[in-house]
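Just below is one structure, and these are the notes that go with it.
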Amino acid sequence: MGHHHRRGKVAVKMANITWDEESVCREVNFLLKFSRHRNIASYYGAYHHPAPNEESSEYLELVLEYCSGGSLYDLIKSTEGQSLKETWIGFVCREVLKVNLD
(Lines of atoms letter the chains of each structure in order from A and count residues from 1; the text may use other names and numbers.)
(Lines give C-alpha, C1' and ligand atoms only; values in the text may rest on other atoms or scores of the structure.)
Protein backbone atom coordinates (compact mmCIF):
# COMPACT_ATOMS: atom_id res chain seq x y z
CA MET A 1 0.00 0.00 0.00
CA GLY A 2 1.11 3.52 -0.68
CA HIS A 3 -0.14 7.09 -0.41
CA HIS A 4 -0.79 9.52 -3.25
CA HIS A 5 -0.97 13.23 -2.44
CA ARG A 6 -4.32 13.64 -4.29
CA ARG A 7 -5.89 10.18 -4.27
CA GLY A 8 -5.00 9.10 -0.73
CA LYS A 9 -4.41 5.37 -0.21
CA VAL A 10 -3.32 3.46 -3.30
CA ALA A 11 -2.36 -0.14 -3.94
CA VAL A 12 1.19 -0.67 -5.19
CA LYS A 13 1.97 -3.90 -7.01
CA MET A 14 5.59 -4.79 -7.70
CA ALA A 15 5.95 -6.75 -10.94
CA ASN A 16 9.24 -8.45 -11.76
CA ILE A 17 10.03 -7.55 -15.38
CA THR A 18 13.20 -9.64 -15.42
CA TRP A 19 11.32 -12.89 -14.76
CA ASP A 20 8.09 -12.36 -16.67
CA GLU A 21 8.10 -9.35 -18.99
CA GLU A 22 5.36 -10.76 -21.25
CA SER A 23 2.94 -11.30 -18.36
CA VAL A 24 3.60 -7.82 -16.97
CA CYS A 25 2.95 -6.27 -20.41
CA ARG A 26 -0.35 -8.18 -20.70
CA GLU A 27 -1.45 -6.94 -17.27
CA VAL A 28 -0.58 -3.31 -18.04
CA ASN A 29 -2.42 -3.50 -21.39
CA PHE A 30 -5.47 -5.00 -19.65
CA LEU A 31 -5.44 -2.23 -17.04
CA LEU A 32 -5.08 0.46 -19.71
CA LYS A 33 -8.07 -0.98 -21.58
CA PHE A 34 -10.44 -1.80 -18.70
CA SER A 35 -9.47 0.18 -15.60
CA ARG A 36 -12.26 2.71 -16.11
CA HIS A 37 -14.82 -0.07 -15.61
CA ARG A 38 -16.49 -0.13 -12.19
CA ASN A 39 -15.48 -3.78 -11.61
CA ILE A 40 -11.76 -3.19 -12.22
CA ALA A 41 -9.44 -1.26 -9.91
CA SER A 42 -8.44 2.07 -11.47
CA TYR A 43 -4.92 2.16 -12.90
CA TYR A 44 -3.02 5.34 -12.02
CA GLY A 45 0.38 4.63 -13.55
CA ALA A 46 3.60 2.68 -13.46
CA TYR A 47 7.15 3.40 -12.36
CA HIS A 48 10.18 1.58 -13.70
CA HIS A 49 12.92 0.44 -11.33
CA PRO A 50 15.97 -0.70 -13.29
CA ALA A 51 18.13 -3.43 -11.87
CA PRO A 52 20.95 -1.84 -9.84
CA ASN A 53 23.34 -4.60 -10.91
CA GLU A 54 23.46 -7.77 -13.00
CA GLU A 55 22.41 -10.00 -10.10
CA SER A 56 19.26 -8.00 -9.35
CA SER A 57 15.87 -7.96 -11.02
CA GLU A 58 14.20 -5.13 -12.89
CA TYR A 59 10.78 -4.11 -11.52
CA LEU A 60 7.72 -2.20 -12.60
CA GLU A 61 5.68 -0.64 -9.82
CA LEU A 62 1.97 -0.53 -10.75
CA VAL A 63 -0.11 2.04 -8.87
CA LEU A 64 -3.78 1.09 -8.57
CA GLU A 65 -6.94 2.10 -6.77
CA TYR A 66 -6.89 0.80 -3.18
CA CYS A 67 -9.79 -1.60 -2.57
CA SER A 68 -10.30 -1.89 1.18
CA GLY A 69 -12.38 -5.06 0.81
CA GLY A 70 -9.51 -6.91 -0.85
CA SER A 71 -9.30 -8.66 -4.19
CA LEU A 72 -11.06 -11.64 -5.70
CA TYR A 73 -7.94 -13.63 -4.84
CA ASP A 74 -8.33 -12.58 -1.18
CA LEU A 75 -11.95 -13.78 -1.22
CA ILE A 76 -10.96 -17.16 -2.63
CA LYS A 77 -8.08 -17.56 -0.15
CA SER A 78 -10.39 -16.69 2.78
CA THR A 79 -12.46 -19.78 2.02
CA GLU A 80 -9.46 -22.12 1.89
CA GLY A 81 -10.54 -25.67 2.67
CA GLN A 82 -14.14 -24.81 1.75
CA SER A 83 -15.85 -24.00 -1.51
CA LEU A 84 -17.42 -20.71 -2.42
CA LYS A 85 -21.20 -20.83 -2.40
CA GLU A 86 -22.76 -21.22 -5.83
CA THR A 87 -24.50 -17.85 -5.50
CA TRP A 88 -21.12 -16.14 -4.94
CA ILE A 89 -19.57 -17.95 -7.90
CA GLY A 90 -22.50 -16.85 -10.08
CA PHE A 91 -22.19 -13.26 -8.87
CA VAL A 92 -18.43 -13.14 -9.53
CA CYS A 93 -18.79 -14.70 -13.00
CA ARG A 94 -21.55 -12.24 -13.94
CA GLU A 95 -19.48 -9.25 -12.77
CA VAL A 96 -16.37 -10.44 -14.62
CA LEU A 97 -18.37 -10.95 -17.82
CA LYS A 98 -19.77 -7.42 -17.54
CA VAL A 99 -16.24 -6.08 -18.02
CA ASN A 100 -16.11 -7.56 -21.53
CA LEU A 101 -19.72 -6.77 -22.42
CA ASP A 102 -19.90 -3.12 -21.34
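Residue numbers (the numbering used here): 366 to 467.
Quick reminder that beta carbons are idealized off the backbone N, C-alpha and C, glycines included.
Item: Cβ-Cβ distance between T383 and E423 below 7 Å; Value: yes
Item: Inter-stretch contact at 8 Å, needing at least 3 Cβ pairs: the region 392-412 / the region 441-448; Value: no
Item: C452 versus L425 - alpha carbon distance; Value: The identity of residue 452 in the sequence shown is Thr, whereas the question assumes Cys. Cα to Cα, the separation comes out at about 37 Å.
Item: Where the beta strand (DSSP E) through E392 begins and ends; Value: Per DSSP, E392 belongs to no beta strand (DSSP E); it is in the alpha helix (DSSP H), 382-399.
Item: Simplified DSSP state of K378, which is helix, strand or coil; Value: strand
Item: Cross-strand partners of V428 (DSSP beta bridge); Value: V377, G410
Item: Boundaries of the alpha helix (DSSP H) in which S421 is found, first to last residue; Value: Neither: S421 is in no alpha helix (DSSP H) and is coded neither H nor E.
Item: Nearest neighbour of A411, chosen from N404, L427, H402, V389 [CA to CA]; Value: L427
Item: Contact under 7 Å by Cβ, V461 with H402; Value: no
Item: Per-residue burial, Y438 [other beta carbons within 10 Å of its own, 16 or more giving buried]; Value: exposed
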